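Plus 5 on top of the position in the sequence shown (first one is 1) and you've got the numbering used here.
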Amino acid sequence: MTIKPDGNDFDAIHRLKSGDINGLAVLIARYQGKAIRTAFLVTHDEAMAEDVVQDTFIHFYDRVRFFDAARPFEPYFMRSVVNAALNAIRREARGKRFPFEDTSELEALLDMAASAAEQVEMQELNRRILEALRKLPPRQRAAIVQRYYLEMNEKEMADALHAPAGTVKWLLNAARKRLRNLLDSERNLE
């Protein structure tokens, strides 16, 4: 089954390949927000996430002539963002802690909560999940982001990580187990 590329993406990429930089503006307007959220979930550093996305757009622009316009852009670009975020983490000095910052999704979820008690409970749960996610090794963190935030299946993840499907399954299982242990140990401390 052949996936037909999105018309807007196809047109934007065609414009870029023809030398019209406005094609890049279309892609940025469409994907920048999701890309920054994705990079942030991997890096837990807002400035780093923004740099990763900017660099990924520039890299795509520089190499657009090699991109097969028949391929869907979004999965390709989001995989590139996750890989660039992992590379940025590797470049960072060891021992640097990633600051916790609230995201707009967290605020939206809290606004939807019916009572003040539910809001406090939801905020605490999200804080605990993000804190536990921060403690995962970068590859496991990336696997969780790809699977549960980007909703990639295991085959797509294997392609993105250039790893066998068995490795992806192992990464996901190890990450879920570690998250469960971290969340359980924190709950036991309360």
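C-beta atoms are modelled at their ideal positions from N, C-alpha and C, and glycine is treated no differently.
No experiment lies behind these values; they were computed from the predicted model shown.
*Helix, strand or coil for ARG76 per DSSP?*
For the purposes of this step, residue 76 is identified with residue 71 of the sequence shown, where counting begins at 1. Here ARG76 sits in coil by DSSP.
*Buried or exposed for ASP50, please, with buried defined as at least 16 other CB atoms from any protein chain shown within 10 angstroms of its CB.*
For the purposes of this step, residue 50 is identified with residue 45 of the sequence shown, where counting begins at 1. Under this definition ASP50 is a buried residue.
*Could you check how far apart the C-beta atoms of VAL58 and VAL86 are, in whole angstroms? I think they sit under 8 Å.*
Counting from 1 along the sequence shown, the entry for residue 58 is found at position 53. Counting from 1 along the sequence shown, the entry for residue 86 is found at position 81. 6 Å between Cβ atoms; contact.
*Contact check, ALA93 vs MET53 under 8 Å by CB: the rounded distance?*
In the sequence shown, counting from the first residue as 1, residue 93 sits at position 88. In the sequence shown, counting from the first residue as 1, residue 53 sits at position 48. Yes, ALA93 and MET53 are in contact; Cβ-Cβ is about 6 Å, under 8 Å.
*Considering MET157, what are the terminal residues of the alpha helix (DSSP H) in which it resides?*
The residue you call residue 157 lines up with position 152 of the sequence shown. First-last for MET157: undefined, no H or E at that position.
*Can you grab the Cα-Cα spacing for the pair SER190 / ILE18, in whole Å?*
Here residue 190 is taken as the residue at index 185 of the sequence shown, counted from 1. Here residue 18 is taken as the residue at index 13 of the sequence shown, counted from 1. So the two alpha carbons sit approximately 48 Å from each other.
*Between MET6 and MET162, what straight-line distance do the alpha-carbon atoms span, to the nearest angstrom?*
Reading the sequence shown from its first residue, position 1 is the one you call residue 6. Reading the sequence shown from its first residue, position 157 is the one you call residue 162. Residue confidence is low: MET6 scores 30 on pLDDT, short of 50, so the model does not pin down where it sits. Its coordinate-derived value is still stated next. MET6 and MET162: Cα-Cα distance of roughly 19 Å.
*Using 10 angstroms around the beta-carbon of LYS9, count the other beta-carbons present and answer buried if the total reaches 16, otherwise exposed.*
Reading the sequence shown from its first residue, position 4 is the one you call residue 9. Bear in mind that the predicted position of LYS9 carries a pLDDT of just 40, short of 50, making it too unreliable to give a figure here.
*Unbroken beta strand (DSSP E) runs of length 3 or more, entirely within the segment 31 to 56: which are they?*
Segments of the beta strand (DSSP E) lying fully in the segment 31 to 56: there are none.
*asked:* Among the candidates HIS167, ILE134, LEU155, whose CA atom is the shortest distance from the CA of ARG181?
replied: For the purposes of this step, residue 181 is taken as the residue at position 176 of the sequence shown. The residue with the shortest Cα to Cα distance from ARG181 is ILE134.
*May I ask which residues mark the beginning and end of the alpha helix (DSSP H) holding ARG144?*
For this step, residue 144 is matched to residue 139 along the sequence shown. ARG144 -> alpha helix (DSSP H) spans 143 to 149.
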